[in-house]
Amino acid sequence: MCCQSLAALSASLAPHRQAWRLEHTREKNATAPAWGCAGAFRFLGLWKFVHKYHFITGLPRAGSTLLSALLLQNPRLHAGMTSPVGGLVSANLRLMSAGGELSLMIDAPLRKKILGGLFDAFYGDIDREVIFDTNRLWCAKMPMITSMFPQAKMIACVRDIPWIMDSLENQLHKNPFENTKLFASEAERLTIYSRMAALARHDRLIGFPWAALKEAYYGPHASNLLLVDYDLLVRAPQRVLELVYHFIGEPWFDGHDFDNVEYDAPQFDEALGMAGMHQVHRKVAPRDRQTLLPPDIVEKYQDMAFWRTDTRSAASVIKPTTH
Numbered sequence: 122m123c124c125q126s127l128a129a130l131s132a133s134l135a136p137h138r139q140a141w142r143l144e145h146t147r148e149k150n151a152t153a154p155a156w157g158c159a160g161a162f163r164f165l166g167l168w169k170f171v172h173k174y175h176f177i178t179g180l181p182r183a184g185s186t187l188l189s190a191l192l193l194q195n196p197r198l199h200a201g202m203t204s205p206v207g208g209l210v211s212a213n214l215r216l217m218s219a220g221g222e223l224s225l226m227i228d229a230p231l232r233k234k235i236l237g238g239l240f241d242a243f244y245g246d247i248d249r250e251v252i253f254d255t256n257r258l259w260c261a262k263m264p265m266i267t268s269m270f271p272q273a274k275m276i277a278c279v280r281d282i283p284w285i286m287d288s289l290e291n292q293l294h295k296n297p298f299e300n301t302k303l304f305a306s307e308a309e310r311l312t313i314y315s316r317m318a319a320l321a322r323h324d325r326l327i328g329f330p331w332a333a334l335k336e337a338y339y340g341p342h343a344s345n346l347l348l349v350d351y352d353l354l355v356r357a358p359q360r361v362l363e364l365v366y367h368f369i370g371e372p373w374f375d376g377h378d379f380d381n382v383e384y385d386a387p388q389f390d391e392a393l394g395m396a397g398m399h400q401v402h403r404k405v406a407p408r409d410r411q412t413l414l415p416p417d418i419v420e421k422y423q424d425m426a427f428w429r430t431d432t433r434s435a436a437s438v439i440k441p442t443t444h
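For the sequence shown, this note's numbering gives the first residue as 122, with consecutive numbering after it.
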């Protein structure tokens with residue numbers, strides 16, 4: 122159950138099926154040049170960025186908040202914890218689809234335009250060119266995302282399932298006088314066995330994103346997917362981040378400071394009953410410790426990291442080199 126020591130290893134992209142290849146075309150802002158009248162328009166509030174979208178998804182407690190905090194250090198990039206855009210997309214799609222009260226008035230091309238407009242509406246005031254929207258839902262929506270944003274890449278944060286469960290259990294131990302909203306009933310939150318069984322269900326915090334990730338990994342749009350392992354991210358943050366930049370076609374930013382990372386969402390965490398859940402440690406470093414899980418729970422879930430051994434996918438996975 123101990124984390125594999127990766128201190129002596131450097132990360133490299135290990136593509137599946139074919140040799141690693143990138144075919145990125147940087148989107149250019151054709152609306153107005155970055156000089157001349159653009160500055161005046163921005164000053165007057167008339168200028169809007171033509172945003173380029175990417176997506177952060179994957180498993181919970183697997184480094185998505187840390188990755189977002191690191192990307193935020195780059196003034197060209199915007200990222201954060203889970204946004205409401207995924208929920209807005211799902212709710213509006215439900216309203217406009219077959220059986221919905223608006224379905225007869227809105228055809229598929231218009232639905233696509235409306236759903237794409239939700240992103241521009243939500244991020245319209247963000248003055249950073251590249252937007253990373255975070256939601257564990259996106260792995261289950263890759264055909265939609267690919268259709269709306271053909272150049273978009275999906276970054277999926279992954280981690281061994283027992284360590285995800287351990288991290289959640291550790292947060293519960295830090296909030297012993299709170300009934301978190303993660304559980305639907307007293308029966309679910311009663312013991313570590315009932316808690317982990319509930320979270321592992323197909324529609325819950327761990328089970329749903331794991332199934333969605335598997336769908337994306339083996340799906341037809343897997344070439345747009347990059348899996349980032351949590352242990353590698355905290356042990357070799359610069360190398361992993363360099364590979365993320367390479368995958369999305371962005372130039373490297375020299376201003377990243379891995380000893381001074383800041384991110385916190387206390388209001389969200391307290392409303393969830395999990396204070397400190399999205400607080401990022403200032404220094405990026407591994408924090409090894411003994412697991413809180415009983416051995417039988419570890420054994421039950423330890424072989425679920427399919428991305429480690431199964432190469433039947435066009436997805437890319439950041440892995441340590443073995444030489």
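Even for Gly, the Cβ is constructed at its ideal location relative to N, Cα and C.
Considering only the alpha carbon of each residue, which of the options lies closest to residue i?
| i | options | result |
| --- | --- | --- |
| leucine 393 | Leu303, Arg403 and Leu354 | Leu303 |
| serine 185 | Tyr314, Tyr351 and Val365 | Tyr351 |
| arginine 316 | Arg232, Gln388, Tyr338 and Asp287 | Asp287 |
| valine 382 | Gln194, Tyr174 and Phe176 | Gln194 |
| leucine 348 | Arg310, Asp228, Gly340 and Trp428 | Trp428 |
| glycine 179 | Tyr244, Leu225 and Ile285 | Ile285 |
| lysine 173 | Pro271, Ser211 and Trp259 | Pro271 |
| glutamate 250 | Pro196, Tyr384, Tyr366 and Trp373 | Pro196 |
| glutamate 290 | Ile327, His342 and Lys404 | Ile327 |
| arginine 356 | Asn345, Met269, Leu334 and Lys404 | Lys404 |
| alanine 261 | Val419, Ile177 and Ala333 | Ala333 |
| proline 372 | Lys234, Arg410 and Leu362 | Leu362 |
| tyrosine 244 | Gly201, Tyr314 and Asp380 | Gly201 |
| phenylalanine 298 | Ile227, Met395, Ala343 and Ile247 | Met395 |
| leucine 239 | Ser218, Leu354, Ser204 and Leu225 | Ser204 |
| methionine 346 | Met425, Ile418 and Ile266 | In the sequence under discussion, the amino acid at residue 346 is leucine, which differs from the methionine named in the question. Comparing Cα positions, the closest option is Ile266. |
| leucine 236 | Ile247, Leu223, Asp248 and Gly207 | Gly207 |
| phenylalanine 374 | Leu191, Leu187 and Val279 | Leu191 |
| tryptophan 331 | Ser344, Asp281, Ile369 and Asn296 | Asp281 |
| histidine 294 | Ser344, Arg360 and Thr412 | Thr412 |
On the CB-based measure, 16 or more other CB atoms within 10 Å of its CB, does residue i come out buried or exposed?
| i | result |
| --- | --- |
| threonine 442 | exposed |
| threonine 432 | exposed |
| tryptophan 156 | With a pLDDT of 45 at tryptophan 156, under the threshold of 50, the predicted position of this residue should be treated as unreliable, and no value is reported. |
| arginine 182 | buried |
| aspartate 199 | The sequence given here has histidine at residue 199, not aspartate. Classification for histidine 199: buried. |
| cysteine 158 | With a pLDDT of 48 at cysteine 158, under the threshold of 50, the predicted position of this residue should be treated as unreliable, and no value is reported. |
| serine 434 | buried |
| alanine 321 | buried |
| glutamine 292 | buried |
| alanine 300 | Just to set this straight, residue 300 is asparagine in the shown sequence, not alanine. Classification of asparagine 300: exposed, given that the 10 Å Cβ count is below 16. |
| arginine 215 | exposed |
| leucine 143 | Because the pLDDT at leucine 143 is just 32, under 50, the model does not fix this residue reliably, and the value given afterwards should be weighed accordingly. Leucine 143 should be labelled exposed. |
| tyrosine 338 | buried |
| aspartate 254 | buried |
| isoleucine 276 | buried |
| arginine 408 | exposed |
| lysine 274 | buried |
| threonine 430 | exposed |
| histidine 175 | buried |
| glycine 160 | Reliability fails at glycine 160, whose pLDDT of 48 lies under 50, so the model's placement of it is uncertain and no value is given. |
| threonine 146 | Low local confidence applies: a pLDDT of 29 at threonine 146 is under 50, so the model's placement there is unreliable, with the coordinate-based value given in what follows. By the 10 Å Cβ count, threonine 146 comes out exposed. |
| glycine 340 | buried |
| serine 529 | One cannot answer for residue 529 here, as it falls past the ends of the chain, which runs 122 to 444. |
| isoleucine 177 | buried |
| arginine 410 | exposed |
| tyrosine 422 | buried |
Provide the residue(s) that pair with residue i in DSSP beta bridges, ordered along the chain.
| i | result |
| --- | --- |
| threonine 255 | Ile177 |
| isoleucine 276 | Ile177 and Leu347 |
| valine 365 | Paired residue(s): none; valine 365 is not in a bridge. |
| leucine 414 | Leucine 414 pairs with nothing; no bridge assigned. |
At a Cβ threshold of 8 Å, is residue i touching chain C?
| i | result |
| --- | --- |
| leucine 239 | Protein chains in the displayed structure number just one, and chain C is not present. |
With respect to the alpha helix (DSSP H) encompassing residue i, which residues constitute its N-terminal and C-terminal limits?
| i | result |
| --- | --- |
| threonine 432 | Segment: none, threonine 432 is in no alpha helix (DSSP H) and carries neither H nor E. |
| threonine 267 | 263-269 |
| asparagine 381 | It is not in any alpha helix (DSSP H) - asparagine 381 carries neither H nor E in the DSSP assignment. |
| asparagine 296 | Unbroken run through asparagine 296: none, as it is neither H nor E. |
Threshold first: 4 residues or longer. Then list the alpha helix (DSSP H) segments lying entirely within the segment 301-342, N to C. For the segment 301-342, whole alpha helix (DSSP H) runs of length 4 or above, ordered along the chain, are 307-310, 313-320 and 328-339.
Can you list, in chain order, the stretches of the alpha helix (DSSP H) that have 4 or more residues and sit fully within the segment 174-245? Unbroken alpha helix (DSSP H) stretches of 4 residues or longer found wholly inside the segment 174-245: 185-192, 206-217 and 229-244, given in chain order.
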